[in-house]
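Asks: One structure, pasted below without further comment.
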Amino acid sequence: MKSDIIIAQEAILKPIKEVAAKLNILEEDLEYYGKYKAKLSDELWDKVKDNPDGKLVLVTAINPTPAGEGKTTTTVGLGQALGLMNIKSVIALREPSLGPCFGIKGGAAGGGYAQVVPMEDLNLHFTGDFHAITSANNLLAAMLDNHIQQGNSLNIDTNQIVWKRCVDMNDRVLRNIVVGLGRKADGVVREDHFIITVASEIMAVLCLADNMKDLKDRLGRMVVAYTYDGEPVTAKQLNAVGSMAALLKDALKPNIIQTVENTPAIVHGGPFANIAHGCNSVRATKTALKLADVVVTEAGFGADLGAEKFLDIKCRMAGLKPDAVVLVATVRALKYNGGVPKTELSNENLLALKKGIVNLEKHIENVQKFGVPVVVTLNRFISDTDAELNFVKEFCENRNCEFALSEVWEKGGEGGIELAKKVLSTIEHKESNYQPLYPVELPIKEKISIIAKEIYGADGVTYEPSAESAIRMIEALGYKDLPICMAKNQYSLSDDPTKLGRPSGFLINIREVYVSAGAGFVVAITGTVMTMPGLPKVPAAEGIDVDDNGKITGLF
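Using this note's numbering, read the sequence shown as starting at 43 and increasing by one per residue.
Listed below in structure tokens is the structure:
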């Protein structure tokens, strides 16, 4: 089959105003970024806010493997299938980060005949939202260091600066740096750090804010440092809120594009689920619910990360109630979890499938703990045998899950009709009794323990001494009653990426804890997970090019 980028470039795109019209969006409510992408105006919300909400379907997955799962592809294909069935539907996705595009993972536009387009625009600069977030983040960092240089009237302890600079690129040498070298006029010498833009609290703030007022309130609450007396210093105290909001004014507006089958897609925000809360913006999701009868959204990585944060953080804060969860797996990935090397995944192996399906089993149990009905879909590969497919189908149906095969990568929306029917049947016949996993009023350690034991299957939690003291300080400062955003590797239910399947008898180690007061959650970093990734030995960037006519090649 053709490569993703060739399929995307051969797609016949409609003018974005025609795509938006499917959702009854008028041209006056579009702010154009060329022919095929636009932002939704602030005025649109006022027009649609009293519409009844559509149904909300979350797509998540098992833990990712080198064998591939196809979560975003399934999300896009399901939205296309609903469109073919004349269901008024819209897809709500996150924007891709440049880090994975030029690194190892690739883009986030789906794949095959289930993609959002223009794929090159989406995976690269798009409408500039990430640039705006990066600029706002680094403006705050510059104002913080300037305040210290200009007399430090807030009494900031330079050894307790917690605000980091950011860049939307995998650049490991920026993880730990020294700034202020040179002359006295060049600033105070201190250790500093970079994170990737998707891990910036401003990304989380933008994705959780309802409107400009909410955005500014959240920006103002962000903690950037602590004084010598241990008191938090906020962005508001640095008088940085207005200028950051000015940079973010347009980035706050959701973007609308289309799929290769011209299905509407609202794409906005892009926090990673392994180091942030991993969902598209609240504003995009709420707008989509007012515009369509069914909204298909996704949360990053496996259900232990993206889905848990979608259900415990985003839905709780935004008052959302998901009607169904689609859990994506592949026979190949399940066999990989059962110990089969990547080179042998095309061979039938029911023993390994039985051994590895426990990973899927745990994710089913986890989603069901939130009271939301589950539909399991297998992203079908040509090497899958009938015996393997039937085994997974029976396994899922025995656990009170609907089951459907998905062939959207190869067939587009037509390949998702079976899945779409199961999703619609689930919405109609199974009630969602959604509730978060824990009450926010619990102590921080107790909330972390609940996630570690209930979602990951850990026996308990250990803490580095610095994490212990950070929790005591956070609670003493009044930030106790916030949900927890766990930063964990995506490959395993544990904090050890080599433990596949459904590991047991392990502890989760908390390395670092800090408060994201603007976003409204406490971050707990586990194991060795990094907030600034590095490039692999052969980065994808080496294979990307543009020809003399401006046509991009090598993106995937």
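Note that the Cβ used here is the ideal one computed from N, Cα and C, for glycine as well.
The alpha helix (DSSP H) that contains R260, what's its start and end?
Replies: Here the question's residue 260 lines up with position 218 in the sequence shown. 254 to 263 is the span of the alpha helix (DSSP H), which, as asked, contains R260.
Asks: If we count the other Cβ atoms within 10 Å of its Cβ and call it buried at 16 or more, is P108 buried or exposed?
Replies: One-based indexing of the sequence shown puts residue 108 at position 66. So P108 counts as exposed.
Asks: For L126, report the span of its alpha helix (DSSP H) as first-last.
Replies: Here residue 126 refers to the residue found at position 84 of the sequence shown. Start and end: 113 to 126.
Asks: Got a sec, what are the start and stop residues for the beta strand (DSSP E) S558 sits in?
Replies: Stepping through the sequence shown from its first residue, residue 558 is reached at position 516. Here the beta strand (DSSP E) through S558 covers 549 to 558.
Asks: Grab the span of the beta strand (DSSP E) containing E73 for me, first residue to last.
Replies: Stepping through the sequence shown from its first residue, residue 73 is reached at position 31. Segment 72 to 74, the beta strand (DSSP E) holding E73.
Asks: At a cut of 8 angstroms, does the stretch 134 to 144 reach the stretch 297 to 315 through at least three beta carbon pairs?
Replies: Judged by Cβ distances under 8 angstroms, the stretch 134 to 144 makes contact with the stretch 297 to 315, as three or more pairs qualify.
Asks: Quickly, what does DSSP pair C527 with across the bridge? List them, please.
Replies: Position 485 of the sequence shown, counted from the first residue, corresponds to residue 527. V565, per the DSSP bridge assignment.
Asks: Would you kindly work out how many angstroms separate the C-alpha atoms of L577 and D92, rounded to a whole number?
Replies: Walking along the sequence shown from the start, residue 577 turns up at place 535. Walking along the sequence shown from the start, residue 92 turns up at place 50. Approximately 46 angstroms, taken between the alpha carbons.
Asks: By the three-class DSSP mapping on this structure, what secondary structure does S646 have?
Replies: There is simply no residue 646 to check, as the chain begins at 43 and stops at 598 in what is shown.
Asks: In this structure, how does DSSP classify S448 when only helix, strand and coil are distinguished?
Replies: On the sequence shown, position 406 is the one that residue 448 refers to. Residue state, collapsed to three classes: strand.
Asks: Determine the extent of the alpha helix (DSSP H) in which Q157 is found, giving its start and end residues.
Replies: Counting from one through the sequence shown, the residue named residue 157 turns up at place 115. Taken as a continuous stretch (DSSP letters only), Q157 belongs to no alpha helix (DSSP H), being part of the beta strand (DSSP E) at 156 to 159.
Asks: Taking the C-alpha atoms as reference points, what is the distance between N180 and Q410?
Replies: By one-based count along the sequence shown, residue 180 stands at place 138. By one-based count along the sequence shown, residue 410 stands at place 368. So the alpha carbons of these two residues sit roughly 41 angstroms apart.
Asks: Write down every uninterrupted run of the beta strand (DSSP E) in the stretch 301 to 331 whose length is 3 residues or greater and which is fully enclosed by it, in chain order.
Replies: List check, beta strand (DSSP E) in window: 306 to 309.
Asks: Thinking C-alpha only, which one of K258, C443, I238 is nearest G560?
Replies: On the sequence shown, residue 560 is found 518 positions in, with the first residue counted as 1. For the residues K258, C443, I238, the minimum Cα distance to G560 belongs to K258.
Asks: So if DSSP puts E488 in a beta bridge, which residue, or which two residues, is it bridged to?
Replies: For this step, residue 488 is matched to residue 446 along the sequence shown. DSSP lists no partner for E488.
Asks: Which same chain residues, not among the five before or five after E303, have their C-beta less than 7 angstroms away from its C-beta?
Replies: Residue 303 sits at position 261 when you count from the first residue of the sequence shown. So the qualifying residues of the chain are Q122, G125, G454, G455.
Asks: Note down, in chain order, each residue of its chain lying with its Cβ closer than 6 angstroms to the Cβ of N379, except the 5 sequence neighbours on either side.
Replies: As a first step, residue 379 must be located in the sequence shown, where it is residue number 337. Same-chain partners within the cutoff: G398, N401, L542, G543.
Asks: Helix, strand or coil for T102, going by three-state DSSP, please let me know.
Replies: Taking the first residue of the sequence shown as position 1, residue 102 is located at position 60. It is a strand residue.
Asks: Report the start-end ranges of each beta strand (DSSP E) in the stretch 381 to 422 that is 3 residues or longer and not cut off at the edges.
Replies: DSSP runs (the beta strand (DSSP E)) wholly in the stretch 381 to 422: 416 to 421.
Asks: How far does the alpha helix (DSSP H) with L542 in it reach, from first residue to last?
Replies: Numbered from its first residue, the sequence shown carries residue 542 at position 500. Premise fails: L542 is in no alpha helix (DSSP H) and is neither H nor E.
Asks: Looking at the unbroken beta strand (DSSP E) that takes in V133, where does it start and where does it end?
Replies: Within the sequence shown, residue 133 is the residue found at index 91, counting from 1. Contrary to the premise, residue 133 reads as Ile rather than Val in this sequence. From DSSP, the beta strand (DSSP E) with I133 extends over 131 to 135.
Asks: Tell me which same chain residues have a C-beta within less than 6 angstroms of the C-beta of V414, skipping the five on either side of it?
Replies: Taking the sequence shown and counting its residues from 1, one reaches residue 414 at position 372. Here the set comprises P364, V367, S474, Y476.
Asks: Within its chain, find whatever has a CB closer than 6 angstroms to the CB of G96; leave out the 5 residues flanking it on each side and keep chain order.
Replies: By 1-based counting over the sequence shown, the position of residue 96 is 54. Contacts found: L331, A334, D335, V336, V337.
Asks: Tell me whether P108 sits in a helix, a strand or coil according to DSSP, three-state version.
Replies: For the purposes of this step, residue 108 is taken as residue 66 along the sequence shown, with counting starting at 1. Looking at P108 - three-state DSSP - the assignment turns out to be coil, as it is neither helix nor strand.
Asks: Considering only the beta carbon of each residue, do L140 and M211 sit closer than 8 angstroms?
Replies: As a first step, residue 140 is located in the sequence shown; it is residue number 98 there, counting from the start. As a first step, residue 211 is located in the sequence shown; it is residue number 169 there, counting from the start. Going by C-beta atoms, L140 is nearer than 8 angstroms to M211.
Asks: May I ask you to report which of helix, strand or coil DSSP gives P142?
Replies: As a working mapping, residue 142 is identified with position 100 in the sequence shown. Correct three-state label for P142: helix.
Asks: Out of curiosity, what's the CA-to-CA distance linking E439 and A103?
Replies: As a first step, residue 439 must be located in the sequence shown, where it is residue number 397. As a first step, residue 103 must be located in the sequence shown, where it is residue number 61. Going from the Cα of E439 to the Cα of A103 covers about 17 angstroms.
Asks: Using 10 angstroms around the beta-carbon of Q192, count the other beta-carbons present and answer buried if the total reaches 16, otherwise exposed.
Replies: Mapped onto the sequence shown, residue 192 falls at position 150. Flag for Q192 reads exposed.
Asks: Assuming A326 and I355 are in contact, meaning their beta carbons sit under 8 angstroms apart, how far apart are those beta carbons, in whole angstroms?
Replies: Numbered from 1 along the sequence shown, position 284 holds the residue referred to as residue 326. Numbered from 1 along the sequence shown, position 313 holds the residue referred to as residue 355. The Cβ separation is near 16 angstroms, so there is no contact.
Asks: Can you tell me where the beta strand (DSSP E) with A360 in it begins and where it stops?
Replies: Within the sequence shown, residue 360 is the residue found at index 318, counting from 1. Run containing A360: none in the beta strand (DSSP E); it sits in the alpha helix (DSSP H), 357 to 360.
Asks: Use the C-beta contact count for T385: other C-beta atoms within 10 angstroms, 16 or more gives buried, fewer gives exposed.
Replies: In the sequence shown, residue 385 corresponds to position 343, counting from 1. Burial call: exposed.
Asks: Of the choices Y480, A53, E162, D252, whose alpha-carbon is the least far from that of D523?
Replies: Walking along the sequence shown from the start, residue 523 turns up at place 481. Nearest of Y480, A53, E162, D252 to D523, Cα basis: Y480.
Asks: I'd like to check one pair, A251 with R260: are the Cβ atoms closer than 8 angstroms?
Replies: As a first step, residue 260 is located in the sequence shown; it is residue number 218 there, counting from the start. As a first step, residue 251 is located in the sequence shown; it is residue number 209 there, counting from the start. Yes. Within cutoff.
Asks: Helix, strand or coil for F172 per DSSP?
Replies: For the purposes of this step, residue 172 is identified with residue 130 of the sequence shown, where counting begins at 1. In this structure, F172 counts as helix in the three-state DSSP scheme.
Asks: In the DSSP assignment, find the alpha helix (DSSP H) that holds Y374 and state where it starts and stops.
Replies: Counted from its first residue, the sequence shown places residue 374 at position 332. Checking the sequence shown, residue 374 turns out to be Arg, not Tyr. R374 -> alpha helix (DSSP H) spans 373 to 379.
Asks: Leaving out five residues on either side along the sequence, give the residues of the same chain with a beta carbon under 7 angstroms from the beta carbon of Y498.
Replies: Within the sequence shown, residue 498 is the residue found at index 456, counting from 1. Excluding sequence neighbours, Y498 sits near D346, L535, S536, I550.
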